[in-house]
Each structure stands twice: as C-alpha cells, then as structure tokens.
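Structure first, commentary second.
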Amino acid sequence: MPEPDNRHVVTVEINGARKTVAVEARRLLVHLIREDLGLTGTHVGCDTSQCGACTVEIDGQAIKSCTVLAVMADGASITTIEGLTDTGAELSPVQAAFHEHHALQCGFCTPGMVMSVRQLLRDQPNPSEHDIRHGLAGNICRCTGYHNIVRAVESLASKGYQS
Amino acid sequence: MNDTTAIRHIGQPLRRREDFKFLAGKGRYVDDVRLPGMLHMAVLRSPHAHAKIRSVDLSAAKVAPGVRLVLSGKALVGKIGPIAPNWVIPGSKVPFRPVVATDCVRFVGECVALVVAETLAEAYDAVGMIEVEYDVLPAVIDEEVAIREGAPQLHDNAPDNITTIYKVRGGDYQNAAREADHVIGLRVVNNRLIPTCMETRAIVASPEPDGTLTVYIGSQVPHMHRRWIAETVGIPEHQLRVVAPDIGGGFGAKMHLYPEDLLCPYLARELDAPVKWWESRSESHQSTSHGRAHTENIEVAFRNDGKILGLKVETLGNVGAYLSNMASGGPTVNTINFGTGTYKIDNYEAISRVVVTNTVPVDAYRGYGRPEGAYIAERAIDAVARYLKLDQVEVRRKNFVQPAEFPYRPYGSMGVMYDSGNYQGLLDKALAAFDYDGRRSECEALRGSGIYRGIGVAAYTHMCGMAPSRRLAMSGFDRGGWESARVSIDSSGRATIYSGSMSQGQGHITSLSQIAADVLQIPIEDIDIVQGDTRQVQAGHGTFNSRSMAVGGSSVHVSSQRIVAKAKKIAAGMLEVDEKDVSYSAGAFSVPGTDVAPVTFPKVARMAYVGHKLPDGVAPGLDETVFYDPTGMGAPSGIHLAYVEVDPETGIVDILDYVAVDDVGTLINPRLAAGQIHGGVVQGIAQALYEEVSYDPDNGQLLTGSLLDYAVPRAEHVPNIRSHFQETPSPTNPIGVKGIGESGSIAAPPCMVHAVLDALSPFGIKHLDMPLTPPRVWAAIQQARTGASR
C-alpha cells in the first residue's frame, strides 16, 4: 500500500516514556493512544465527546482524548490510566477508593472516570456532593448509578487527597 | 450443628476480586483484541425507514485504497441467514429477516452493504463510496398507528403488522366490573429506550490453523451465540469457539443475534483472515436493540374502599421492523403475565399484540416486560388511590397478597407463581426509612407557600431465572432453563470453577467465589472463576433475567457439594473410618469425639489425584460438573419511595430522596447487591425523567441518533439511592437467592411518575407519560393553569 502523503510525525511523553509515531492528520489522540501505542485502558464509548471514557491527562489537565487530534498533542506529556499503576501493583489513591467503595461495575467508564476524579479534586479539594456530581458531568457511567462513585470521591476528599 | 458454616462468605460485603484489572486499565474488551493481519468491516446502513432497494453500485468502493471485499445483501443470499428469533410465542408469524437487506429496507440503520478493508478508516471511507438507489415507501413508527387500517404494511406474512397475539385470563373481569363501585380507564405509554452499554458491540472472528473459528464477542450468552452463529452461518458448533472477554455492560442488549455477529465469522472464513467490526455509538443507536416501546390501555374495577376487583389490559408492544431474538416474548409472557403486580386481583383479562414498525428492533432491556407489567399494576392502583382520594400507601396495603398466601398464583395463573414474599414487611420498613408520615405533612404544609413536593410509591414483584427447562417449551422458548458449573480441584486443593453464567459487570468472580467457598470450606483466594469461553466452559446459558445467582450460583453450589461428598469418601479412606463418622469444616476432615488427627482438604485433593489409597468404588480425580435445572423460579419483590420537588416555573423535577427496600432472597454480597439496586434505579429514573427514543413520525428518521440527543443521565441528574433489604429466602433453590439485577429498573419508573403526579396534584394533573422532561411537565402545568382560569 502506498504511504499516504498526509502523515505527520508526533512525539509524546506518555506515562513517562517518550514515543514517536507517524499518523494521518485525521487521527484522534485516543486512537494514537489505543492503536499506535497499544494502551487500551483508555476507552472509546461514543463519537460525540459525551461519555468521557477516553479521558486522559495532557500536561496535567484531564481532557477527553477524542477531542484532540493526535498532531495537536505533539510535544505533550500524557498520563493514561496505565500510568497510575506503572510503578507497581499498588493502586493509586483514587483507584483504591473506587475499589473500597465499589465504584465500578463493568469497568468500561472507570479509567476515564478516575482521570476526571483526579482533576475534580485538584480543582476542588473539599467538594460538596453537588460539586462532585457537577464535576463529573462529563463522564457517563451506566452501571453504578454514580452513587458509589460519589462516595469514593467524598472519602478521598475527607482524607485530604492530593494528586 | 452444621459444620459447613465454619467458613462463611455468603452475606459478607466483600470487595470485588475482579476490580484490579479494571482499575489499572487492564480490562480486556473486544475492541482491545488485536490479531496479526486483522481486517476491519464497516457497514452501510439504510438512511430510509422503509424503501425498496432499486440498485446497489459497489464499483467505486471496490477499488478504494485498502479494500479487500465489498458485498451487498444479494451476494449473501443462500449463504448465511436468515436471522431467526429464539423465543417464538406459539402462533407467531415470523417475518423473514435477511442478514443484509436485499430488496427492501425496513428501518433506518438496517444493513445494506459492507466493506472489509485493511484499516477501519479505509473501510469507513469505502462505505461512503457505495451508491444505493432507493424507492422510498411510506413508513410507520407508532404501534397504535401501525395496526390501523391502511397503515403501511411491513411484511406479507404479518397482516396488520401484528406478529403475535397472546391472551391471559383469570376469574371473570366482566362480572367484577359489574359489581364494582367504579371502573376507570387509563392509557399509559412505556417509552422506547436505548440500553446504552458504555461499551458498544464489537466482534472479531479469527480462523484458526486447525480449521476452527474463534469468535470474540461481548456476549451475555456465549454458548447461545455459539449455537446461533453455527446454525446461521453453517459452521459445525464444535468447530466454533466463542470467547466473551470483559464486557462493558449488557443490560439485555448483548444477548441477541445481530447481523454483524454473522458477517464477521462468514467473512473471516471467506478471506481467511481475522475480521473485526466495532460499532460506533451513533451506529449503535440505530443497530443495537432498543427496549420497552409499549402502549397499554388499562381498565380497573374497584370498590369505594379501594379494594380492586378486576383489571383489564390491552398491550401493544412495538418490536421494530423484525422479530428480534426474544421479541415475541417480551410484550406478552413477560408483560401481561405480571400485570397484577403485588396485588390480589382475582379477575384479570389481558391481551397483548406484538406489532412491527419501521424502527430499530426492540428486545430485552433490564427487566424486559416486567417493568412494563409492574407499570400496569402500579399506575392502575395509583389511579385508584387518586380517584378515591385515599392514601396511596393504604390502598396498596389493602390489596397486597398476604404473607400466608405464598406460594401465590395470581388470578389462578398456571404460568406465574410467586414463591415467597412479605410485602407488608417491605412496606413498613420502607415507610420508616423514608419517614413517610413526616414527609406527607411536609408536602401538605409547603403547598401553601407554592412549593410543590410529592411522594411516589411503587411496589413490584416478578420472576427470575426462566425455568425449569421442560416448562419453557410451552412458551416457545428455544433453550433450557438450567445452568452449568464445573468445579475442578487441583492436586493442591485449589479450585477452578467453570461457570456458564457471564458477568458484564455484576461481579460474578466475587459472588460465585463466595458461594463456592462456603461449601468447599477453602479460602476464597484459592478459588478461580472462568467464564466466557466455550472451549473452557462446558456449557451454559449465560446471564439475563436476573438468573445468574439463582441458577448459575446454585449450579456452583451443587457441584461444590458433590466435590465435598467425594472428598469425604476419600478422607474416610485416609482416616480409616466410616464415611458417616467424618465431619468436614474449615478445610479439615475430622472424626468428632475421637483423637484421630484430621486430614486437610489439600491432602485429600492430592490423594484424589495420586489415587494411592482410594476407597473401593471411588474413581481418581476431584472434578464435578453439574447441569442444574431449577424446579421453579424465585420472585423478588420490593417497595420504592421517592420524594421530589417540581419547579412550576421550569418543570424541572428535583429528586430529594429515594429509598429502595428490596427482597431478593438471601443476599450473597450486600455491597454488590446495593450496587445493582443503585444502577437499576438510576436506569429506571432515566426512563421516568429523561430518556426517550424519538422518531420523526412522518419519515421514520431517528432523531435521537447520538448521545448528544439521547439523554442518558449524568451524576448531577440523579440522587443518592438509599438501599435496604429484607431477606425472605426463596424455597426454589439451595441458596435461597432470588435475583436482583432488574429490580431497580422495574420499580423506579412508576415510583418517579407517582411522585411527580403527587407533586402536581394541586394543579389537578392526573396523568403524564414518561419521560417527565421539564418541557412536558411545564406544559402540563401551563395547560392546567389555563384550564383553571377559563
């Protein structure tokens, strides 16, 4: 197959490792993460940027990776769900709180939800229940009814969580 | 004394054993499957609700970059298909459904042609190059319109667009209506929903070097998919391996046979390469089954004191363009059999018509028919309370089936039997948790100051785990009611359990381990659960109908019992005592009252495999497989209460509190059980307040075609759910469990509607159909105010 002439070289630091790939201009960051880098913990749950399953951290900011073209991420530092446990088998505090409070069922929305919770607590270390529910408005969970996700976030806040 | 209680996990709120991989991003869903040389399929879908296909031009797509194969429906005629339903109510007319449309399309989203290419982007690009000429036909999307004279007809063999007529009758409704003080009618709509698993459907079919085919599919029913794919594609069943990896939610949508489930296996064999299909979300809205979509006309006859004497129901179940997998059973057996709910209504007459329309096929969605059935009973009794100006709680109490009446057959039904229950107990517990009297006073007090609060009540019961097998034949259900489990002990005494159930998030690894650990009396860490691979798991029916604990769990329980029974024989031989003198608890076989040193389960397991000292007649090995066919079905029940405030200026419904008290029999894991209630209730609230599939009635275009238009609730749209339980063990299985997955989505819709209607009662509003969106509520208030001022 002839090499398409619209390939662009993109270099990202992902979970601490530097990666360079050539992508089509139309490639979304989420597909670079999943297809080119094989990090399948970041999920695609919709095609209108509604569900938040693809949320990752770009330069420390939680962003839906389906809203970013791969070429726009050139030079960025990205953390995906895999990056939270890379140092070992220990779960990070947000992940551990999800386990503790049964804040996941099918697990599909979980990676994006965890990323959004980290952002929420960075922005609002002492959120009210309303703040939590509003702060997670960009992530859809169909299994838990959100009840236990809210409990997990409340417990993190009460323990003075700092990401 | 029962020695087997020494290790006791049932009833413990254990944290999930399966969490780590999901939290670490190591869950493996079908879209994560990557195979060398894998090709990608994309589907061209009909843009019309009803049209004749005049021509399909594939020429441009065939020469597009990366394209390996392009096919229209005609190329598949006689090769694969048709897609046949698996539950066919006797007397149903089954429309012919090709895998890919050939001459006619009957809903927006129906498969018209397909492309296989080297990348997904190339496949999508080529799909856009296929030219199809259509002759557009009149479409019908509404079930009431579809059965009228002169409506567009979908299928030659289904006159008036009706595939199935099903009737239920008990007592004498006409006589009850004559004797009643009042008879009122109401028409209720059960809005069409999209199940919306966060993981859309996906499938990878891969030819293996030995000539077999492996199919990765997010299936709630892996063994059923193996049978259906084998029969429809023409592959011997034993040469097909179906693997269901982690599943991102199912809710009933991932247990049917879809065109793509057949196309990928067929194309993989044709091209001798793995072929993958992944469904985009917008595609999912027009290709994965929808739920509900009923209209019910109800008549209820009752006395001045609120006692209901009779109920009459006419159901129209809209099933979309074809009879999907279970579609003839949902609006019929699953709905009107349960129309009397928790109430003793001896005179009952119901008829259900299953109606085809130019819409996405409708099939199972969390509760399937039972939410619609409970909605009938609940809306009827609430209407009675409203009509007589009686308290909604007291009217229910007066009509409840009494605890002493179980097992109870409503209206003398032969098919429905509620095995156990205590509705009064549920109600008392719910009222106390909710502070019903206090809140009732609060509602009344606030109304004077223009604050409109309301309380909703709903009761439900239903039946879980369709069984026993021999009874399913009568309703045309072409599968058994059993579940299978194999408990295999290794030579170190650890267990691997192969279960035919299939978790989609329910947490079976944890709950089935709890069941097994209690019988096997070994640490839960020594138990592994295997599901979702037809080459590993001997047989199964999978997970639907809240059956996994009642049927799948019981099969694990019974096979574990057989392990212990055999281990006891081996232990007796090792201890050189009579088997009946051996006692087993906490992993040790002992002889009570003697100083004989106990032998441990691992040592017995080792003996089973070395076979050096086995008693006569005991074969080596410690490995038991059970096909557990229940004798009956468990009937969960519950009372839910909601407290809402409606803003009359905006129509926004604010949910102030929600209390659920559910009786699902023995609780295996209260933490996971509450999680099932939370999720189910929120899906029910979603139906009541937010979600509705919209079609343009003139041309059948799907208006809620993406998550931009279809209102799946976010965290801020729903309340905390206060979940409580009452445990009335089911006598139908050895664990006493009933079923829980569907409870929330059955109870919440009527509960929410009643709460809003209660809040709006000062306006004289007596009826609203779901979803109770702000515009709908606001318009009703405006209309009431205008009407009042006239």
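So the sequences go chain by chain: A and B. Residue numbers for the first sequence follow our numbering, so the first one is 1 and each next one is one higher. Residue numbers for the second sequence follow our numbering, so the first one is 164 and each next one is one higher. From the three backbone atoms N, C-alpha and C, an ideal C-beta is built for every residue, glycine too. Small disclaimer: the values here were computed from a predicted structure and weren't measured.
What is the rounded straight-line gap between the Cα of I909/B and the Cα of D323/B? On the second sequence, position 746 is the one that residue 909/B refers to. On the second sequence, position 160 is the one that residue 323/B refers to. The straight-line gap from Cα to Cα measures roughly 31 Å.
Quick one: what's got a C-beta closer than 8 Å to N467/B's C-beta in the same chain, skipping five residues either side? Within the second sequence, the letter at position 304 stands for residue 467/B. Once the five neighbours on either side are set aside, the close Cβ partners of N467/B are D344, H345 and L551.
Partner residues on chain B for E13/A, Cβ-Cβ distance less than 8 Å: Within the first sequence, numbered from 1, the residue matching residue 13/A stands at position 13. None at all; the shortest Cβ gap to chain B is about 18 Å.
Are the stretch 299-308 of chain B and the stretch 506-522 of chain B touching by the rule of at least three beta carbon pairs closer than 8 Å? yes
Can you grab the Cα-Cα spacing for the pair Y853/B / T503/B, in whole Å? Translated into the one-based positions of the second sequence, residue 853/B becomes position 690. Translated into the one-based positions of the second sequence, residue 503/B becomes position 340. Answer to the nearest angstrom: the Cα atoms are 27 Å apart.
Helix, strand or coil at N510/B according to DSSP, with G and I counted as helix: Your numbering for residue 510/B matches position 347 in the second sequence. Here N510/B sits in strand by DSSP.
Which chain B residues are close to D47/A, counting only those with a beta carbon under 9 Å from its beta carbon? Here residue 47/A corresponds to residue number 47 of the first sequence, with the count starting at 1. Going along chain B in sequence order, the residues near D47/A (Cβ under 9 Å) are S443, R444, S445, E446, S869 and L870.
Is it buried or exposed, H775/B, if we count other Cβ atoms within 10 angstroms and call 16 or more buried? Translated into the one-based positions of the second sequence, residue 775/B becomes position 612. Its Cβ having fewer than 16 others within 10 Å, H775/B is exposed.
In chain B, which residues lie with their C-beta within 7 Å of the C-beta of G145/A? Reading the first sequence from its first residue, position 145 is the one you call residue 145/A. Neighbours of G145/A on chain B, chain order: H841, G842, V844, V845, V881 and I884.
Count the other CB atoms within 10 Å of the CB of Q402/B; is the residue buried (16 or more) or exposed (fewer)? Position 239 of the second sequence, counted from the start, is the residue given in the question as residue 402/B. Answer is exposed; the Cβ neighbour count stays below 16.
Can a CB atom of chain B be found closer than 8 Å to the CB of N6/A? Indexing the first sequence from 1 puts residue 6/A at position 6. For N6/A, the answer is no, since every Cβ of chain B falls outside 8 Å of its Cβ.
Residue environment, N338/B, which counts as buried when at least 16 other CB atoms sit within 10 Å: Taking the first residue of the second sequence as position 1, residue 338/B is located at position 175. Counting every other CB atom within 10 Å of its CB across the protein chains shown gives N338/B a total below 16, marking it as exposed.
Since G736/B contacts T829/B with CB under 8 Å, what's their CB separation in whole angstroms? Taking the second sequence and counting its residues from 1, the one referred to as residue 736/B is at position 573. Taking the second sequence and counting its residues from 1, the one referred to as residue 829/B is at position 666. About 35 Å separates the two Cβ atoms, so there is no contact after all.
Roughly how many angstroms separate the alpha carbons of D689/B and G644/B, rounded to a whole number? Start at 1 with the first residue of the second sequence, and residue 689/B comes out as number 526. Start at 1 with the first residue of the second sequence, and residue 644/B comes out as number 481. Taking the straight line joining both Cα atoms gives about 30 Å.
When you compare only the Cα positions, how much space is there between D826/B and L738/B? Start at 1 with the first residue of the second sequence, and residue 826/B comes out as number 663. Start at 1 with the first residue of the second sequence, and residue 738/B comes out as number 575. Their backbone Cα atoms lie some 44 Å apart in a straight line.
Proximity winner among S654/B, A798/B and A823/B, relative to E784/B (alpha-carbon distances): Here the question's residue 784/B lines up with position 621 in the second sequence. Looking at the sequence itself, residue 784/B is Gly, so the reference to Glu does not match. The residue with the shortest Cα to Cα distance from G784/B is S654/B.
8 Å Cβ cutoff, Q50/A in contact with chain B: Indexing the first sequence from 1 puts residue 50/A at position 50. Chain B, which has a Cβ nearer than 8 Å to the Cβ of Q50/A, makes this yes.
Unbroken alpha helix (DSSP H) run spanning W391/B, endpoints: By 1-based counting over the second sequence, the position of residue 391/B is 228. Judged by DSSP secondary structure, W391/B falls within the alpha helix (DSSP H) whose first and last residues are P385 to V396.
Neighbourhood of A593/B by C-beta, 7 Å cutoff - its chain only, sequence neighbours within 5 removed: By 1-based counting over the second sequence, the position of residue 593/B is 430. Same-chain partners within the cutoff: I802, L804, V822 and V824.
So what's T624/B in DSSP terms, helix, strand or just coil? In the second sequence, the residue the question calls residue 624/B occupies position 461. Of the three classes helix, strand and coil, the one that applies to T624/B here is strand, per DSSP.
Comparing the C-beta of F185/B with each C-beta of chain D, is any distance below 8 Å? Looking at the structure shown, chain D is missing, and the protein chains on hand are A and B.
Give the single residue among C427/B, I328/B, R432/B and A636/B whose Cα lies nearest to the Cα of P372/B. In the second sequence, residue 372/B corresponds to position 209, counting from 1. Taking only the C-alpha atoms, the option nearest P372/B is R432/B.
If Y429/B and V378/B are in contact, beta carbons under 8 Å, what's the gap, nearest whole angstrom? As a first step, residue 429/B must be located in the second sequence, where it is residue number 266. As a first step, residue 378/B must be located in the second sequence, where it is residue number 215. At roughly 11 Å, the Cβ-Cβ gap does not stay under 8 Å, so Y429/B and V378/B are not in contact.
At the level of alpha carbons, what is the spacing between Y336/B and K189/B? Along the second sequence, one-based indexing puts residue 336/B at 173. Along the second sequence, one-based indexing puts residue 189/B at 26. Using only the alpha carbons, I get a separation of about 58 Å.
Can G863/B be considered in contact with the ligand SAH, in the sense that its beta carbon sits closer than 7 Å to one or more heavy atoms? Annotation note on the ligand SAH: not contained in the displayed structure, which lists no ligands.
Shorter than 8 Å from the beta carbon of C360/B to some beta carbon of chain A? One-based indexing of the second sequence puts residue 360/B at position 197. Yes, C360/B lies at the interface with chain A (some Cβ there is under 8 Å from its Cβ).
Cβ of D59/A within 8 Å of any chain B Cβ: Within the first sequence, numbered from 1, the residue matching residue 59/A stands at position 59. Not closer than 8 Å to any Cβ of chain B, the Cβ of D59/A fails to qualify, so no.
Beta carbon proximity, Q175/B to chain A, threshold 8 Å: Working through the second sequence from its first residue, we reach residue 175/B at position 12. Not one chain A Cβ lies under 8 Å of Q175/B.
To the nearest angstrom, report how far apart N15/A and E57/A are at their CA atoms. Counted from its first residue, the first sequence places residue 15/A at position 15. Counted from its first residue, the first sequence places residue 57/A at position 57. Near 10 Å, if we compare the C-alpha coordinates of E57/A and N15/A.
Taking the Cβ atom as the reference point for each residue, do V263/B and P422/B lie within a distance shorter than 8 Å? Translated into the one-based positions of the second sequence, residue 263/B becomes position 100. Translated into the one-based positions of the second sequence, residue 422/B becomes position 259. Yes, these two residues count as a Cβ contact at 8 Å.
Using the rule of at least 16 other Cβ atoms within 10 Å of the residue's Cβ for burial, across every protein chain shown, is T55/A buried or exposed? By 1-based counting over the first sequence, the position of residue 55/A is 55. The residue in question, T55/A, is buried, as its Cβ has 16 or more Cβ neighbours within 10 Å.
Exposed or buried, R208/A, counting other C-beta atoms within 10 Å across all chains shown (16 or more means buried)? What is shown of chain A runs 1 to 163, which leaves residue 208/A out entirely.
In chain order, what residues of the same chain lie with their CB nearer than 6 Å to the CB of D131/A, ignoring the 5 residues before and after it? Taking the first residue of the first sequence as position 1, residue 131/A is located at position 131. Cβ within range, chain order: Q124.
Quick one: any contact between the stretch 61-79 of chain A and the stretch 144-152 of chain A, if contact means 3 or more CB pairs under 8 Å? no
Which residues, taken in chain order from the stretch 134-158 of chain A, show a beta carbon closer than 9 Å to some beta carbon of chain B? H134, G135, L136, A137, G138, N139, I140, C141, R142, C143, T144, G145, Y146, H147, N148, I149, V150 and R151
Could you tell me the boundaries of the beta strand (DSSP E) in which P370/B lies? The sequence position of residue 370/B within the second sequence is 207, counting from 1. The continuous beta strand (DSSP E) containing P370/B extends over residues A365 to P370.
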